[in-house]
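**Q**
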Amino acid sequence: MKKLSENEPCILHLDLSIEELKKHPLLHDVAFALPQARKVGVTERLAMPAHDQDNSRILYDIKKAGNVRESKDTCTKDWMDMATEIANTYEDYDGFVILHGTDTMAYTASALSFMLENLGKPVVLTGAQTPIYEKVTDAKDNLAGALLFAGYYAVSEVTIFFNGKLFRGNRSTKVDAISFSVFDSPSCPPLAKLSSDGVVEWNYSADPRHRGCFTLHTKMSQNIALLPVFPGIPIQMIKGCLEPSIEGVVLVTYGSGNIPDSRTDLIKAIKEATGKGVVIVTCCPCRGGPHDVSTEFVEKGLVELGVVPGGDMTVECALTKVAFVVGLKELTLEDRKSLMVSNLRGEISTSKR
Numbered sequence: 001m002k003k004l005s006e007n008e009p010c011i012l013h014l015d016l017s018i019e020e021l022k023k024h025p026l027l028h029d030v031a032f033a034l035p036q037a038r039k040v041g042v043t044e045r046l047a048m049p050a051h052d053q054d055n056s057r058i059l060y061d062i063k064k065a066g067n068v069r070e071s072k073d074t075c076t077k078d079w080m081d082m083a084t085e086i087a088n089t090y091e092d093y094d095g096f097v098i099l100h101g102t103d104t105m106a107y108t109a110s111a112l113s114f115m116l117e118n119l120g121k122p123v124v125l126t127g128a129q130t131p132i133y134e135k136v137t138d139a140k141d142n143l144a145g146a147l148l149f150a151g152y153y154a155v156s157e158v159t160i161f162f163n164g165k166l167f168r169g170n171r172s173t174k175v176d177a178i179s180f181s182v183f184d185s186p187s188c189p190p191l192a193k194l195s196s197d198g199v200v201e202w203n204y205s206a207d208p209r210h211r212g213c214f215t216l217h218t219k220m221s222q223n224i225a226l227l228p229v230f231p232g233i234p235i236q237m238i239k240g241c242l243e244p245s246i247e248g249v250v251l252v253t254y255g256s257g258n259i260p261d262s263r264t265d266l267i268k269a270i271k272e273a274t275g276k277g278v279v280i281v282t283c284c285p286c287r288g289g290p291h292d293v294s295t296e297f298v299e300k301g302l303v304e305l306g307v308v309p310g311g312d313m314t315v316e317c318a319l320t321k322v323a324f325v326v327g328l329k330e331l332t333l334e335d336r337k338s339l340m341v342s343n344l345r346g347e348i349s350t351s352k353r
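Counted the way UniProt numbering counts, the sequence shown spans residues 1 to 353.
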């Protein structure tokens with residue numbers, strides 16, 4: 001795996017105790033004479049201990065995000081702010097680490113993956129289950145690992161690093177609210193694993209399709225709805241998710257894409273919405289087995305309703321991808337549907353190429 005040259009990432013955070021970072025030798029070498037941080041908005045510059053035999057090390061700047069809010073309060077504007085901050089300082093750093101709460105981290109990682117097109121540098125999200133000042137904490141290892149992948153290795157996409165594993169951001173989902181193994185990517189193996197002694201086991205290869213200039217997209221639609229199908233779902237809920245202002249819907253189906261044939265009101269509402277230009281994409285909660293988005297999908301009649309197959313995208317990814325695609329106002333409806341089944345950022349396994 002190619003190493004980066006200058007080893008200088010930037011941490012974007014909401015509320016971080018710098019003094020706590022300085023206490024931990026894994027995150028800061030107090031004996032190293034640091035050059036002063038000279039970039040606008042930088043709170044402080046720290047240095048990690050030398051990583052390998054050539055005595056190279058990661059220097060990192062710390063920048064506080066403008067709006068301080070908890071992960072559960074994250075909204076579309078926060079994604080825009082993060083993406084814009086990365087774009088504004090893109091040439092200043094080798095990579096970026098974003099400290100983020102776990103509740104909506106997978107949503108943010110997915111959104112950023114679409115907003116940052118032709119990304120040529122690592123953007124790593126991480127966080128912790130327990131605060132850094134606790135005796136037993138995952139904060140130090142998670143942050144150190146995130147800095148390693150942002151500062152040393154050219155994994156040029158949006159990722160999540162947690163509990164020794166580096167996941168593709170738009171393939172990740174939160175699976176545990178208690179243990180340190182918070183995230184998983186059920187349909188995509190981790191891109192890398194970091195052992196306790198610093199050895200990296202790789203399962204990553206750069207996507208050759210990602211060529212061209214780095215481009216920032218910030219026009220994410222906020223008129224998006226999530227419609228989970230469940231036994232006895234009331235028609236009022238269906239109509240509420242398909243009201244005129246809605247531009248895109250993620251339809252969470254049974255199994256690998258089933259909806260109740262007996263619910264003619266549901267079928268009628270879906271057909272009317274797609275006929276008016278609403279982009280509706282399915283999301284299947286079952287993570288086991290193959291996801292064929294062609295023959296089986298046609299047999300279920302969803303294509304006739306104008307619904308787009310979502311393959312093995314996670315709910316978080318499908319929701320943010322719809323927001324991104326619908327936000328591209330210059331596209332026709334057919335162009336939008338084509339993008340939804342296309343593999344744009346490695347987010348889907350079985351897709352149109």
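Where is the CB? At the ideal position from N, CA and C, for every residue including glycine.
How many whole angstroms separate the CB atoms of ASN170 and CYS286, which I take to be in contact at a CB cut-off of 8 Å?
**A** Within the sequence shown, residue 170 is the residue found at index 170, counting from 1. Within the sequence shown, residue 286 is the residue found at index 286, counting from 1. Contact flag wrong, Cβ pair sits at about 19 Å.
**Q** When you compare the CB of GLU201 with every CB in chain C, is at least one pair closer than 9 Å?
**A** Reference to chain C is not applicable here, since this structure consists of a single protein chain.
**Q** Using C-beta distances below 7 Å, list every residue in its chain close to PRO290, excluding the 5 sequence neighbours before and after it, in chain order.
**A** Your numbering for residue 290 matches position 290 in the sequence shown. For PRO290, the pLDDT reaches just 48, beneath the cut-off of 50, and the residue's location in the model is therefore unreliable, leaving the point undetermined.
**Q** Answer with buried or exposed for ARG211, where buried requires no fewer than 16 other C-beta atoms within 10 angstroms of its C-beta.
**A** As a first step, residue 211 is located in the sequence shown; it is residue number 211 there, counting from the start. Classification of ARG211: exposed, given that the 10 Å Cβ count is below 16.
**Q** Three or more C-beta pairs closer than 8 Å, one from the segment 151-164 and one from the segment 177-193: is that the case here?
**A** The segment 151-164 vs the segment 177-193: in contact.
**Q** Hey, could you find the ends of the beta strand (DSSP E) GLU201 is sitting in?
**A** Translated into the one-based positions of the sequence shown, residue 201 becomes position 201. Its beta strand (DSSP E) spans residues 200-202.
**Q** In whole angstroms, give me the CA-to-CA distance for VAL252 and ILE62.
**A** For the purposes of this step, residue 252 is identified with residue 252 of the sequence shown, where counting begins at 1. For the purposes of this step, residue 62 is identified with residue 62 of the sequence shown, where counting begins at 1. About 39 Å.
**Q** Which residues in the same chain as SER187 place their Cβ atom closer than 7 Å to its Cβ, once the five residues preceding and following it in sequence are excluded?
**A** Locating residue 187 in the sequence shown gives position 187, counting from the first residue. Counting only Cβ-Cβ distances below 7 Å, and skipping sequence neighbours, we find ARG171, ARG287, ASP312 and SER349.
**Q** What residue from PHE167, ILE246, SER179 and GLU201 has the CA that sits closest to PRO190's CA?
**A** By 1-based counting over the sequence shown, the position of residue 190 is 190. Of the listed residues, the one whose Cα sits closest to PRO190 is PHE167.
**Q** Classify THR173 as helix, strand or coil using the three-state DSSP reduction.
**A** For this step, residue 173 is matched to residue 173 along the sequence shown. DSSP places THR173 in strand when its eight states are reduced to three.
**Q** From TRP79, LEU125, ALA109 and SER196, pick the residue whose C-alpha is nearest to that of PRO9; which is it?
**A** The residue labelled residue 9 in the question sits at position 9 within the sequence shown. Checked all of TRP79, LEU125, ALA109 and SER196; the closest Cα to PRO9 is LEU125.
**Q** Residues in its own chain within less than 6 Å of LEU194 by CB, not counting five upstream and five downstream?
**A** Looking up residue 194 in the sequence shown gives position 194. These residues qualify, in order along the chain: GLY145, GLY164 and VAL200.
**Q** Distance check for ILE235 and LYS268, CA to CA, integer angstroms please.
**A** Counting from one through the sequence shown, the residue named residue 268 turns up at place 268. Counting from one through the sequence shown, the residue named residue 235 turns up at place 235. Taking the straight line from one Cα to the other gives about 11 Å.
**Q** From what residue to what residue does the beta strand (DSSP E) around VAL308 run?
**A** As a working note, residue 308 is residue 308 in the sequence shown. Unbroken run through VAL308: none, as it is neither H nor E.
**Q** Which of helix, strand or coil does DSSP assign to ASN142?
**A** By one-based count along the sequence shown, residue 142 stands at place 142. Helix, per DSSP.
**Q** Could you tell me whether the Cβ atoms of ALA206 and ALA154 are closer together than 9 Å?
**A** Within the sequence shown, numbered from 1, the residue matching residue 206 stands at position 206. Within the sequence shown, numbered from 1, the residue matching residue 154 stands at position 154. The answer is yes: Cβ separation under 9 Å.
**Q** Closest to GLU334 by C-alpha separation, out of TYR133, ILE280, CYS284 and THR320, would be which residue?
**A** Taking the first residue of the sequence shown as 1, we reach residue 334 at position 334. It is ILE280 whose Cα lies nearest to the Cα of GLU334.
**Q** Mind checking who ARG45 pairs with in its DSSP beta bridge?
**A** Residue 45 sits at position 45 when you count from the first residue of the sequence shown. Beta-bridge pairing links ARG45 to ASP61.
**Q** Beta carbon of ILE58, beta carbon of LEU143: below 9 Å?
**A** As a working note, residue 58 is residue 58 in the sequence shown. As a working note, residue 143 is residue 143 in the sequence shown. No.
**Q** How many angstroms separate the CA atom of ASN88 from the CA atom of ASN55?
**A** Indexing the sequence shown from 1 puts residue 88 at position 88. Indexing the sequence shown from 1 puts residue 55 at position 55. Cα to Cα, ASN88 sits roughly 30 Å from ASN55.
**Q** What does DSSP give as the partner residues of ILE348 in its beta bridges?
**A** The count along the sequence shown starts at 1 and reaches residue 348 at position 348. Looking at the DSSP assignment, ILE348 forms no beta bridge with any residue, so it has no partner.
**Q** CB GLY277 to CB GLU243, shorter than 9 Å?
**A** Against the sequence shown, residue 277 aligns to sequence position 277. Against the sequence shown, residue 243 aligns to sequence position 243. It is not a contact, given that the beta carbons lie outside the stated cut-off.
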